[in-house]
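Take 678 as the starting number for the sequence shown in my numbering and just add one per residue.
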Amino acid sequence: MLELINSWHNSNATVRVNNFQNGPRKRQQSEMKSKYAATQIMEACPIISSSIDYIISNINQNISVEMIWFLISVIQKFLNKFLPPRIELLQDDKHNKSRKLLNSASSCVEDNMQSLCMRNDKVCKLEKYPVIIRSDLNTVTNVGHVAIISGGGSGHEPAFGGYVGFGMLTAAVIGEIFTSPPSQSILAALHAVRNAAGVMVVILNYTGDRLHFGVAIERAQRLFPNLPVQFVVVDDDCALSEVDLMKCRRGLAGSLFLLKIIGAMAEAGESLQNISVECDLVKKNLSTIGLGLSTCSLPDRAPMIDIDQNEMHFGIGIHGESGMRRIPLMDAKNAVHVMMQTIFTNGFDIKCDDLSDSEKLFAVMINSLGSVSQLEMNVVTGEVLQWLMAKGIQVVRVYTGTLMTSIDMHGISISLLRIDKEEWIDYLDAPTGCHAWPMGTIPSENLDAYILKYPSMDSLQIIDEGNDLTRNAITVDEKESLEYRNLILTICNTLKQNEQKLNYLDSECGDGDCGSTLSKAANIIMVSVEENLFSTAAPGKLFSDIALMMEEKVGGTIGALLSIFFSAGSACLMNSTDSLAWFNCFIQGVDAIQFYSGTTSGSRTLLDPMKSLADLLSQQLLFSDGSPVVTGDFMKHLIENCEIAVEATTKARPKTGRACQVPIELLQKPDAGAYAILLVMNDIVTWSGPMVKSIKAISTTLTDIYLMNNKALTNSKQVKNTVALGLEVSRSVFHKLKNVMSNSNKTNKRKGFTQKFPC
């Protein structure tokens, strides 16, 4: 067999391996050398290997290349039932892991914050929270200056902790690598810097940051009603030109211009209102474009994407995602030309050649995304200045350095700030106590020539608004509680088992951590249920508890979305757990996600199948006059629509999150979040099978009662006997019978019937 494989490999033949996925999802294709494909399959499954050897030994003729391909393709169909869809996962990946000069991947964020405080006595770390804050905090609060807060995930150093100091940030909230900081930490920062002058919160345009900072600001405004807070989102990326994708523009290094200007304004005593107005004006005159020659790699992880040696990623971000498009490798001069043309085409509302003399004042920032050498930076800076000067543009300030990175990415970003007010130059030149802000230079016109002890936040006794309501949440009997418990554990196990598969799907247009994040969330819920930290006897309180846990311990966009879904849905289960309550629970949860995320269905997200399911539930409520009965056919209809919605994500263009930065032609697999929803729905339908059968039998009994009612049945004893028959069919779902009977009473009353059906 191996001789045949070697022969095939030496002939430079290639094979196309079909990755068959469960359900009607699109079959994925990837080309690889036949020897690699076949040997990996053989090593992965010795039994199949032996089977093939047996087949070959019984064929008395030469084996063609087509025959070998046929055998491999058949084997692949079986392997995909047991292995992740990406065959590359079969190989030992230990040699592809990145090497970093760290103590450990788990401690690097904390180690980084400690180092920031040790090297600069002007900053400290807020006790118990990942917040870098000015050590002279009392000066800010006593003088009454506006406090400036920013933050985001780690991996972008020196952003954001490196920009804490007088004249710039008052505090920075630090998340895990490429993960939004938790809302509780953001709330701690807001509480620490609060003063009568107010707080300006500045974040970059990423969904996770918007959600978590939004949660914290909402809670802060309830806790500190007299604290003025303003919120601005920076989206200086100009890689996207389509109007319908403008809201997807990312926040990049140009945001540092804004932080420096408003930091100087706050230090000068400007009001919160004036600072807010200036933020809007700066944003309109700010634009950034990125270019990458290599991707980044997280600690103990392989590189996130592969960039060919002869290619560049144009319009790249700061999270390792693909650029807007791939362009041929070119020298610095031509690369700068393409980048500058894009800035003036997509970034500003006026073309370069149409600028008046008064509009030709610019500040320039050339930023290394992680591993660009100083030699390269100098060359690129020179090319940028020459391009601008050739256009008659006056560069009043130049800033170069490693200012906002994507860990170790080999790439650059160029940011331009059009000077709309002369005061901006003074603000940029104003002194600052942060160590990361570079010294601005004036280019030549001649091209030749450590811990801050702080009171515990526990003293505030911050209580989630829903906690008081959960004390009176309706409870179910022991059997129903056990059913819910088993279902939850089943779903959690499914998500954990599919971690690698979901990561693979997410790696196409994200940072490849969807499976890991969902597995983390599932493990937290599973442990909480098994150790009785969560009670399934009160579904309303259960959902409220899960929401809080997702917010505090999961983090990231998924953590925020799950928290919003369970929090919104919990209110519907406080007073009832019948089918109507569950329908409304799901519908309310989906509506909340859609409202807070700003995402609509058809955007290639987990919302696509969820919205499809919510629409079906809404239709069922309408057709059943608000008294839905769950049947086997209805559950089958749900799962079929869910599969269709997931399949559709393979063709839909992303309109939110990092995925919208990836060219549509590179997206060939279903969205990872949508696929996770399908996995959950499969578990729910499987779990609900016996229950649906019992309810169907009970519904048949109720139909008999209805017919007897039409025959003027008045003997309540006969009715009770008929109901008893229904109970014998399924005593384990007696609570379901009560709900159905209750709904039936209401229906009969509306239709003029006077016979009461005792439950």
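Just so you know, even glycine gets a beta-carbon here, dropped at the ideal spot from N, CA and C.
At the C-beta level, F1025 and R1095 come within 8 Å of one another. With a 10 Å radius around the Cβ and a threshold of 16 neighbouring Cβ atoms, E1228 comes out buried.
Taking a cut-off of 8 Å for Cβ pairs, the stretch 909-920 and the stretch 1291-1301 do not touch, as fewer than three such pairs fall below it. For L1293, the secondary structure class from DSSP, reduced to helix, strand or coil, is helix. Judged by DSSP secondary structure, F908 falls within the beta strand (DSSP E) whose first and last residues are 906-911.
Between I1070 and M1016 a beta carbon distance of about 15 Å is seen, past the 8 Å cut, so the two are scored as non-contacting.
Shortest Cα-Cα distance from L935 to any of P980, I952, R926, A945 involves I952. From the listed residues G1217, L1238, G1232, the smallest Cα separation to N1261 is found for G1217. Nearest Cα to I1128 within the set E947, K774, Q986, N797: N797. H990 counts as buried, since no fewer than 16 other beta carbons sit within 10 angstroms of its beta carbon. Annotation: the stretch 944-978 contains the following complete segments of the alpha helix (DSSP H) (minimum length 4 residues), in chain order: 949-961. Contact annotation: R927 and L881 have beta-carbon atoms nearer than 8 Å. Straight-line measurement puts the Cα of A930 at about 20 Å from the Cα of N789. Residue environment: I1270 is assigned as buried (16 or more neighbouring CB atoms within 10 Å of its CB, all protein chains considered). DSSP places D1103 in the helix class (H, G or I) of the three-state scheme. Here DSSP, grouped into helix, strand and coil, assigns K1230 to helix. Setting aside the 5 residues that flank it on each side, I1004 is surrounded in the same chain by M989, F991, each with a C-beta closer than 6 Å to its C-beta; the list follows chain order. For M989, the enclosing beta strand (DSSP E) has its first and last residue at 988-991. Excluding the 5 residues flanking it on each side, L1239 has same chain C-beta neighbours closer than 8 Å at A1198, I1223, A1224, M1227, V1231, in chain order. Between V1041 and L1093, the gap from beta carbon to beta carbon is short of 8 Å. An exposed status is given to M1116, since fewer than 16 other beta-carbon atoms sit within 10 Å of its beta-carbon. Judged by beta-carbon spacing, G946 lies within the 8 Å limit of H822, meaning their Cβ atoms are closer than that value. 8 Å or more divides the Cβ of I1361 from the Cβ of L1283. Residue pairing of A916 in beta bridges, as defined by DSSP: absent, with no partner found. For L1195, same chain residues with a beta-carbon under 7 Å away, outside a window of 5 residues either side, are L1172, L1179, I1235, A1353 in chain order. A873 carries a coil assignment under DSSP once its states are collapsed to helix, strand and coil. Look at the beta carbons and you see the stretch 838-850 not touching the stretch 1201-1216: under three pairs across the two are nearer than 8 Å.
Buried is the label assigned to F855, since at least 16 other Cβ atoms lie within 10 Å of its Cβ. Between D1034 and E1122, the alpha-carbon positions lie close to 16 Å from each other. For S792, the closest C-alpha among the options L1257, E834, P1347, D977 is that of E834. The three-state reading of DSSP puts R896 in helix, counting H, G and I together. When secondary structure is reduced to three states using DSSP, P1005 falls in the strand class. The beta strand (DSSP E) runs of length 3 or more contained entirely in the stretch 817-860 are, from start to end of the chain, 824-831, 848-854.
Judged by beta-carbon spacing, V820 lies beyond the 8 Å limit of A866, meaning their Cβ atoms are not closer than that value. The beta-carbon separation of D1085 and S974, rounded to 6 Å, stays under the 8 Å limit for a contact.
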